[in-house]
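Notes follow once the structure below has been shown.
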């Protein structure tokens, strides 16, 4: 069976699902999205992009943006980032404040909210929120070779109004001296970065630089690309990361909008979207689709 | 440069190290080992085993044994194991009891002590401690195709006498109903399993089944092999796992005896030994050697 | 209304209760006790003992014994005890192992299980388990001026067989070097101490030394008596201590057998028994009775 | 020796101290206060106020204000408060966010910062910040029968600028739905309430209503007075509360400005000020003075 045919079958199978999970309800603008939607796009090393389902429908990438913000900050300051953020799985929820107290304000990794807020704060050094957002958005557009990628300001405003937990994290980081900009600036920038809207096709194309595909624009040194993948493998799905590695065997990053970027290093960049979430806050059907795809292609990095 | 030559150079460089880390002091029989020792063996898919340094010197594999015990139990009961043990990194020390309380007696993964004790308890079902140890040792010997692998009973006794923390974990698991055999039996078996003595050459050869090498004896189904690798990647180095994935990019399992089994799926099984440990309880020079080897060979699974 | 009449009315009211709470089920010998029982005895400064309900029915005092063991150890080594045990409320369950890890093996106070196990270990210094139990039992008999107080060995054996969590605590304390005797000896002694059987009348009489009543045998220096009361006030009801102080306003110690020793310093020693427990593991009707008694008598230490 | 003479001797002894502790440095306006200062005032039931040292020197009462805010809110909504705040010691630092996560946004008690912020939020219901501050200040003035008590606005502004941890707590409470007013309003009100400046004489006089002295203005029902004392006893000194109860035996509340309000129910209201703090954040010499006073007077509630 060809990969193209497999994706069509996968789409058809997924649509028969009885339980799609629950849409995140803490961001009002996202709470109204129907959970039973599905799209997938696979960007291959030769430049082809195979798709199935609602692959050109835009969605809010949310935490998937943390991968691109991390790529930007590694490009700018490199290893110095690790003075402010750790590289270990947290064993805790994505927005937990608990370990932050035990570790005196140094977030466990750049993919939990506290760590991502520090990354954004670092990007804000010497730049305005507008310039910082332009940098992240510019990176994503260049990676996807597509200028038609935008921030959905209604989503950003919706999150800014209700994002008390992220505001708590920012103030808390500041109390430990691990936030240099005013909490309001950082959170304002952070929620806009999370509100980038992309389709599966756009996200799969942007992910080519993370996968180190031959066809990808030369935006990321190989050593950085490998390291981002390592972090995605151990920390990319919050406290469901171990389970995802076990079932799928590829680095990935999820977002509460239902997006999922999965990397087969050197082989493919895969974007999946299905807005219903599982108990860990990861796309329920997206994870299943990734598992089925890994089985079909043998793209697990574990042999 | 050939891999053989690289290994010789690596051995020479490592021996110049100023800081070898500290030997584990909580097991009396191991406390007397000199930290400034080093050996490495690389088993390749074609059956060759390349070595450098003290590659045929025996050492106590300790927690590396958890990989082989896990392989045995997956062979016996498969997916049912996950009803009793999780698959997530712990974000905590190897012998922490903290998360065990929060998660009501279900250890986070089979590579922290509490999880490994549950694995051993499961292996004891319907078998005596002697039979259980014979099963684990039999698996290791068959994997290495070498019957000259033994348990160092002096080390086992040494640990049994002082292993109050493991005894606490076993009693605690039992209080949650997640230990079926008497704590003393389980801990007695567990410390003997940890006291298996192997050389780097023997360990690299045994690791071939975990790496799924063409030359490996057919002891482990490919899907199980992949899953063990996933667990090694996310949980194999305790709360230094994220850092190891970041620096080395290969699944691995460390032991407090200074052993380190590193897997390049489909390509190689690597055993390293250097008894000085870093702050996470992993071999300090062993980790450095693995990082250098990954750079030289390009065996990182992340591209 | 006289106190005597009040106690009769209280007994009558309590017996109308719809919800008596649940009997502790983790000690098999206690699990069979009917929850809807009630007795109360009030020993006054002039030597009188007023009673109502099943005041001469024997019950297992369980954790109330921690008060008497503490009195013994303070008599023997005084302030040195605090090198091994703290004096702060734990904010946690009676058998939690969590804070023990955070505080490196020094229990928060002598009334949570871990702390009481350290007290028993200290009492075992230079004595056999038999001698130690004779010392505690001797203190209780002398305080009550009643030699007809015994240990219920069936209860002790019942707890010893199933007390995996206490065994875990003992091994854990030992792993931090804060247990000097073998865990089995300490737990064996501890469960026998908890299995002392007393009636409300006997317990109220024994409590006179803790209350510093004029009629009490001179077994405890006033400064020690005050300090034990302070600990009972802040730590005597596990993580329901704050609530008890709020509602009742008197120092007290509860046991899972449903016993409750409440102290009105200088005025009275009150023993209540009702085996149904609330969510914190304290006697549900016993707490209500103590609250009603405090309202009637004005014995709250808070004015 | 008379109490008057004892207080003079105490003042003289305290001034010989070699180690006064450290002044709180996280509020800039307070960081410059010299630690080696001491004042004490004892208000007796007959209306007398005995003093020694710098008893009429004003200081920032800080967390001592939590007692008066609690009195106001209990007067306004009574028992309903406990739906939003607990009554248990926290076993944690005064500004910890950890337990708040475990207990889903319900602070353990009204004397840790998170709980006090909820109290202030409750007082803001239906009132402006100005009206709320007028209510608290009005209560304090009426209790002290002294209109010359003011808020030090420089201290309030100083804390508002740097109080990132309190802001984090407020946002966090709001994320759980346990804050009804905007975090900025609540924190703005809270820091002004903490910035009330009083002398020992004024504070001792205000404390008479908490002590239920005969000479006190009738501002607080006896049952509320008792309950506030119970909370002060179990929770008034953060995670040094157990130790304070053990050493002093009286309900008390400390503030980081070095103030300490100690209550001998029905007998006396004691205010002590010495700005050097111990490791728990309580006045070091203030605690010693309270201990000495308790020994001299026999005012321990524990007999």
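Residue numbers (the numbering used here), protein chains in the order written: chain E, 1 to 303; chain L, 1001 to 1303; chain V, 2001 to 2303; chain Y, 3001 to 3303. For every residue, glycine included, the Cβ atom is placed at its ideal position computed from N, Cα and C. Just so it is clear, the structure is predicted and the values come from calculations on it, not from any experiment.
| Item | Value |
| --- | --- |
| Could you check whether the Cβ of residue 1302/L sits closer than 8 Å to any Cβ belonging to chain E? | yes |
| Can you give the Cα-Cα distance for residue 66/E and residue 227/E, rounded to whole angstroms? | 14 Å |
| From the DSSP output, read off the bridge partner residues of residue 252/E. | 262/E |
| To the nearest angstrom, how far is it from the Cα of residue 68/E to the Cα of residue 88/E? | 19 Å |
| May I have the straight-line CA-CA distance separating residue 3209/Y from residue 3201/Y, to the nearest angstrom? | 14 Å |
| Enumerate in chain order the residues of its own chain whose CB-to-CB distance from residue 3300/Y is below 6 Å, with the five nearest sequence positions on each side excluded. | 3249, 3294 |
| Locate the alpha helix (DSSP H) running through residue 3140/Y, then write down its first and last residues. | 3129-3144 |
| Please report whether the beta-carbon of residue 3024/Y lies at a distance below 8 Å from any beta-carbon of chain V. | no |
| Which runs of the alpha helix (DSSP H) fall wholly inside the segment 53-124 of chain E and span at least 4 residues, in chain order? | 65-77, 98-102, 113-123 |
| First and last residue of the beta strand (DSSP E) that includes residue 2199/V? | Residue 2199/V -> no beta strand (DSSP E), and no H or E assigned at all. |
| At 7 Å on the CB atoms, spell out the chain Y contacts of residue 106/E, in chain order. | What residue 106/E touches in chain Y: nothing, since even the nearest Cβ is about 15 Å away. |
| Specify, as a first and last residue, the run of the beta strand (DSSP E) that residue 3274/Y falls within. | Residue 3274/Y -> no beta strand (DSSP E), and no H or E assigned at all. |
| Taking 8 Å as the limit between beta carbons, can you name the residues of its chain near residue 3104/Y, skipping five residues before and five after? | 3176 |
| If you reduce the DSSP assignment to three classes, tell me which class residue 1016/L lands in. | coil |
| If the cut is a Cβ gap below 8 Å, which residues of chain L does residue 235/E touch? | 1242 |
| Kindly indicate which three-state DSSP category residue 1043/L falls into: helix, strand or coil? | strand |
| Since residue 2247/V is in the alpha helix (DSSP H), which residue starts that stretch and which ends it? | 2241-2247 |
| DSSP three-state label for residue 213/E, please. | coil |
| Measure the alpha-carbon distance for residue 2186/V versus residue 2168/V and round it to whole angstroms. | 12 Å |
| Rounded to a whole number of angstroms, what is the C-alpha to C-alpha distance between residue 2199/V and residue 1188/L? | 44 Å |
| Mapping DSSP to helix, strand and coil, what is residue 2300/V? | coil |
| With DSSP run on the structure shown, which of helix, strand or coil describes residue 2/E? | coil |
| So if DSSP puts residue 2158/V in a beta bridge, which residue, or which two residues, is it bridged to? | None, per the DSSP bridge assignment. |
| Any idea what DSSP makes of residue 50/E, helix, strand or coil? | strand |
| Taking contact to mean at least 3 C-beta pairs separated by less than 8 Å, is the segment 1264-1279 of chain L in contact with the segment 1116-1130 of chain L? | no |
| How would you write the range of the alpha helix (DSSP H) that residue 1223/L sits in, first residue to last? | 1222-1235 |
| With respect to the alpha helix (DSSP H) encompassing residue 3283/Y, which residues constitute its N-terminal and C-terminal limits? | No alpha helix (DSSP H) contains residue 3283/Y, which DSSP labels as neither H nor E. |
| Got a sec? Which residues, its chain only, sit under 6 Å from residue 2079/V by beta carbon, not counting five neighbours each side? | none |
| Give me the residue from 170/E, 193/E, 140/E with the minimum Cα distance to residue 152/E. | 193/E |
| Decide if residue 1125/L is buried, meaning its Cβ has at least 16 other Cβ atoms within 10 Å, or exposed. | exposed |
| Which residue comes first and which comes last in the alpha helix (DSSP H) that contains residue 2173/V? | 2164-2175 |
| Under 9 Å, CB to CB, which of the residues in the segment 140-163 of chain E have a partner in chain Y? | 162, 163 |
| So which residues on chain Y does residue 27/E lean against when the C-beta distance must stay under 9 Å? | Those do not exist, as residue 27/E stays about 13 Å from chain Y at its closest Cβ, beyond 9 Å. |
| Would you please verify whether the beta carbon of residue 3090/Y is less than 8 Å from any beta carbon of chain E? | no |
| What residues from chain E crowd round residue 1249/L, counting only those whose CB sits closer than 7 Å? | 226, 230 |
| Tell me which same chain residues have a C-beta within less than 6 Å of the C-beta of residue 181/E, skipping the five on either side of it? | 121, 124 |
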